[in-house]
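So the structure is just underneath, and the comments pick up after that.
Numbering (UniProt numbering), first residue to last: 1 to 177.
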């Protein structure tokens, strides 16, 4: 990743703070959406609202995202909205300038280091899962050991039955798009 001042420590850390996949999801969701609110991010990702709210608070502290001011929002800024203009009934968030630069710096090399840092053979396992219909098919493409399997479950990438979660599908879509 470029920008020496933004990355310190292990791959996947930002200013010494360990970024989790849910943090990446919020960042990439906001990059795609322009602005959005916590409940919609949770709904689209199939995650508990509390998990998204915790991630938002972490990212606010890191100044990667910020609250969006104003009482109305146009679809040109909130790209997932269907109406031309809506009045805000929630707290909306957007990427800060620093957040935009950080998300822009996430490339395949950064992702490889990040997922390999999460669990052994992480990048290959993630790619195989993304290209497969489920964990069984991914396991035929690349060796997935017990530690990697547990990591995929803990990170909410797969269900107990080995199916890809909506969270994983959205995260991968946003990271690749």
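Virtual Cβ for every residue (Gly too), placed ideally from N, Cα, C.
For the pair residue 167 and residue 42, the Cα-to-Cα distance works out to about 9 angstroms. According to the DSSP assignment, residue 154 belongs to the alpha helix (DSSP H) that extends over 146–154. The criterion of a C-beta distance shorter than 8 angstroms is satisfied by residue 171 and residue 21.
Partner residues in the beta bridge of residue 158, as assigned by DSSP, are 164. Taking the C-beta atoms as reference points, residue 95 is found nearer than 8 angstroms to residue 30.
By the beta-carbon neighbour count (other beta carbons within 10 angstroms, threshold 16), residue 97 is exposed. With 16 or more neighbouring CB atoms inside 10 Å of its own CB, residue 164 falls in the buried class.
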